[in-house]
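For what it's worth, the UniProt record's numbering labels the leading residue of the sequence shown as 1, then goes sequentially.
To start, the structure itself, in structure tokens.
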Amino acid sequence: QVTLRAGAELDARRVNQYTLTLRATCPGEDEVEGWLFVRVTAGQVLRCDTPFSSAEGDVVQVLADVAPRTPLYAVLLQPLGGLMGFSSPSSLQFRLRNHNTPLILTRRGLILAPDNGFDPSKDTQVFRLEIEVMDRRGHNCSGVVRVEVLPSRHSRVTFPEPHRSVTVTEGIGPLEVVTQVHAIGENVRYAILAPTAPVLFTINEVTGEIRSTRRLEVARAHLLVQAYNTLHPADHATATVNITVQGTDRGAPRCVPAIFVSQVPETVSPGSTLVTLSCTDSTGTDEHLHYALEGPPASRSHFCMEGPQLKVNTTLDYDLEAIATMGFQLTATIVVTAGEQPPRSARVPVLVTVTPVNEFRPTCPNSATFTVPETAVFGSVVGRVAGTDRDYPPGSLEYSLEGGSGPAQPFSISRHTGEIRVVGPLDSQQQRSYRLVVRLTDTHNDLDPAKRNSRLCDVSVHLQAVPDQVPVCTPEVQELWIMAGSPGSRQPVTRLACHGSSDGAKLTYTITEGNENGRFRLEGNTVFYLPNNQVEPRTFVLLVEVWGGSGSRRRSTVVALVVHVTPWSTPVPPSTTTQHTTLQKEPLVVTRTVAVWHPPAWFVAVLTISGTLLLATLGCTARSLLCSEQEQGLTSAFCSSHRNQDPGKLFLGKRMHVSALSHGPDSLRLCPPGQRGLGTGGMGTCPPGQWLSAASISGTGRDYLFNSVTGTRRWI
């Protein structure tokens, strides 16, 4: 029996066949050898992801204060061929092999925290889960997950004051604050445990304020208040609160209603009556009652009392910042006092909530004209329509484009920001500007969401023309010599250096002419030669067309390549017969446009006259310097060091002058006084037999004079 080794994975894309050599031997018989061919075909295999499927398994660390049923881990399948297995999570079965764990494994492979959470009082806890995954076809995989529960780091919930006693007087109205408890901890919430059905008091679960549920009379109440961590209910503490309600004189006025809570729209007019109190004193009449208002000045100023009637004093504008800072709720207290001695009073709390009314239509911006280049790509921002609305809350506008987006209107607008973007091709030659109609609609400005106001705004978008830019290649003509490689190879020839327009569009290259038998190939901007068994040298003339731009604005240029290919080897001719083959070469015509500046005629005339005058001035200056004479004796071979002499003049003897240099740096021919000129050709001659020669002996550094008549030499 041949079985698959545990942990082995088969992949038909890597190895699709295994050849097994089997040898069997029986006692007293020869050995028998055979082969088993195992072919692996591509199929759907279920594999668990690592490190879940490894021997050690995957490790998850969580804190002990994690909320109950919090997802801690998800069992995933290993991707196969770019897909996550072949079965959806709903078609897989996840099963726990060990059941001695409080953790929960769902049908979708999620590991959840226990229903009651972890015990925060314990040290580090470790839970090991062995999970098996199986699909409908019976394929399965398994793995291990270790969940390490670390001790909680949050502070415990405690009451700094676990016992509190409070005394209040009777007559306190409903929902008035009696006292407040406070606990220390994280995510603290409050609840009354006893009595289980509170009759006189209720507690705010967030702030811990204990309020009355009705008008209080003489009584005693014992409350058991619990503070707990809302994320970890097991973390809690309790406190006791004793409330004593003392009696007062029962002659105080009584009013109906005892508390007034109402909602009014912001459009309610000043002077409107909100409520009329029905109050009586101890005698049962209302003749001697006095009504007054108390409370925060910002809220109280919006109300006034006219006898027992509570009226609106000023505008309750929902759009005012002062109303918004108060949470759109106005509070006050009506104090009803009886005229008896001593005076007795009753208090009626007032809570009025102001509701919004959509009063105003949105307002279009002052300027809604934008300019965008015609080369703007998809998604480019054109501008933002900044509409306004006087209703609260500010900025609660929605934007829409009338007619939608399409070829005739290649723009879209963001529903919430009013940002206009390009969603189609632009061409200033076809259309230079667009007129868009944007609808502004206000939202969340009324208690009734269906009540909305809108306005249409005109937006102009002008297209900025961008000059067409043809791709530029350097150089435009190339002549190349290459030695062909072996047949079947690929040999790079050159790389074209081209750049396109400023919009960053990618350039494309195509060989349009000269690619005989597909000998050349383009990959990007690189030209490759594909050698064959060519014997004779060959010249190819390729024309490569380079395209740039995008859409209807594509432009192209042509690069000429003259490629001389020399064969990679020369075979030995079979005979002495020499065959000459004349290759027909097609002429290459390259047209280049050279910019030439043709100046006007008057500019050429002025330039010619100025040059002539400058040359004449320089010639006169040089002549005057060369013709000056010195009356001094022979001083040196050259007088370039004399401060008053001009370089190039040489004075020998008392009246002998050197006119010019004729035989190089080491020989000089001189004429007697009054007979200027050189004894060599080109610049005049001395009379026959009357000239001197000045020369230098190489290597000695000494100069001498030679007389042509006497033949004598004199050192100088």
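All residues carry an ideal CB built from backbone N, CA and C; glycine is no exception.
Might you give, ordered along the chain, the residues of its own chain that have their beta carbon closer than 8 angstroms to the beta carbon of residue i, omitting 5 neighbours on each side?
i, result
"Gly619", "none"
"Arg344", "Asp249, Gly251, Ala252, Pro253, Asp281, Ser282, Thr337, Ala338"
"Glu161", "Val181, His182, Ala239"
"Ile482", "Gln491, Val493, Tyr529, Val563, His564, Val565, Thr566"
"Gln125", "Ala64, Phe118, Asp119, Glu148, Val149"
I think residue i touches residue j, with their Cβ atoms under 8 angstroms apart; what is that distance to the nearest whole Å?
i, j, result
"Tyr529", "Gln491", "5 angstroms"
"Gln263", "Thr179", "The Cβ separation is near 29 angstroms, so there is no contact."
"Val66", "Phe118", "7 angstroms"
"Ile243", "Val168", "7 angstroms"
"Pro308", "Leu277", "4 angstroms"
"Ala332", "Arg300", "5 angstroms"
"Leu129", "Val147", "7 angstroms"
"Leu316", "Val275", "About 15 angstroms separates the two Cβ atoms, so there is no contact after all."
"Thr21", "Glu33", "7 angstroms"
"Val112", "Thr70", "The residue asked about is misnamed: residue 112 is Leu in this sequence, not Val. Rounded, the Cβ-Cβ distance is 7 angstroms, consistent with contact."
"Leu543", "Asn525", "In fact, because the Cβ distance is near 15 angstroms, the residues do not count as touching under 8 angstroms."
"Tyr318", "Glu266", "4 angstroms"
Please confirm whether residue i and residue j have their CB atoms less than 9 angstroms apart.
i, j, result
"Pro68", "Pro114", "yes"
"Gly383", "Glu419", "yes"
"Leu440", "Asp389", "yes"
"Phe303", "Leu330", "yes"
"His444", "Ser396", "yes"
"Arg108", "Ile172", "no"
"Gly143", "Asp58", "yes"
"Leu92", "Val133", "yes"
"residue 762", "Arg361", "Only positions 1 to 716 of the chain appear in the structure, and residue 762 is not among them; the question remains open."
"Val75", "Leu46", "no"
"Leu480", "Leu561", "yes"
"Val493", "Val563", "yes"
"Ser165", "Val268", "no"
"Gln534", "Ala484", "yes"
"Leu200", "Thr213", "yes"
"Leu77", "Cys48", "yes"
"Val438", "Glu402", "yes"
"Pro531", "Ser486", "yes"
"Arg452", "Asn366", "no"
"Ile184", "Gln226", "no"
"Pro410", "Pro425", "yes"
"Asn187", "Leu231", "yes"
Please list, in chain order, all residues of the same chain as residue i whose beta carbon is under 7 angstroms from its beta carbon, the five residues on each side excluded.
i, result
"Tyr228", "Val157, Arg189, Asp235, His236"
"Leu447", "Thr355, Pro356"
"Asn313", "Pro270, Ser301, His302, Phe303, Cys304"
"Glu631", "With a pLDDT of 38 at Glu631, under the threshold of 50, the predicted position of this residue should be treated as unreliable, though the coordinate-derived value follows. Once the five neighbours on either side are set aside, Glu631 has no close Cβ partner at all."
"Val466", "Pro373, Glu374, Thr375"
"Asp123", "Pro151"
Looking only at its chain, what residues have a beta carbon closer than 6 angstroms to the beta carbon of residue i, apart from the 5 residues adjacent to it on each side?
i, result
"Val348", "Cys255, Ile334"
"Glu29", "none"
"Arg5", "none"
"Ser152", "Leu63, Ala64, Asp65, Pro120"
"Thr582", "Since pLDDT at Thr582 reaches only 41, below the 50 mark, its modelled position is unreliable, and the value read off the structure follows with that caveat. No residues qualify anywhere along the chain."
"Glu9", "none"
"Ala219", "Val245"
"Ser641", "Legend: pLDDT at Ser641 = 39, less than 50; position of this residue unreliable, value from coordinates given subsequently. Excluding positions up to five away in sequence, the list is empty."
"Val2", "none"
"Val40", "Leu10, Ala12, Asn16"
"Glu545", "Thr510, Thr512, Ser556, Val558"
"Arg554", "Trp547"
"Arg95", "Glu132"
"Glu294", "Thr333, Val335"
"Thr363", "Thr388"
Compute the minimum distance between the beta carbon of residue i and the heavy atoms of the ligand HEM, and state whether it is under 8 angstroms.
i, result
"Phe520", "Although the ligand HEM was asked about, the structure shown includes no ligands whatsoever."
May I ask you to verify whether the region 426-434 touches the region 457-465, counting CB pairs closer than 8 angstroms and requiring at least 3? yes
Problem - Sufficient close CB pairs (3 or more, under 8 angstroms) joining the region 512-519 to the region 473-487 - result: no
| query | Per the contact definition of three or more C-beta pairs closer than 8 angstroms, is the region 421-432 in contact with the region 366-383? | reply | yes
- Sequence ranges, beta strand (DSSP E) only - wholly within the region 310-358, length at least 3: 329-338, 344-355
Worksheet entry | Completely contained beta strand (DSSP E) runs for the UniProt domain "Cadherin" (188-255), where each covers 3 or more residues | Segments of the beta strand (DSSP E) lying fully in the UniProt domain "Cadherin" (188-255): 188-194, 201-203, 209-212, 219-229, 236-246.
**Prompt:** Which parts of the region 397-466 are runs of the beta strand (DSSP E), unbroken and 3 residues or longer, counting only runs that do not cross its ends?
**Reply:** 397-401, 411-413, 419-422, 433-442, 454-464
Report task. Could you name each continuous beta strand (DSSP E) segment of 3 residues or more that falls completely within the region 11-70, going from the start of the chain to the end? Result -> Correct list: 17-24, 32-39, 58-63.
- Those runs of the beta strand (DSSP E) which lie wholly inside the region 473-536 and span at least 3 residues: 477-483, 491-495, 508-513, 520-523, 526-529
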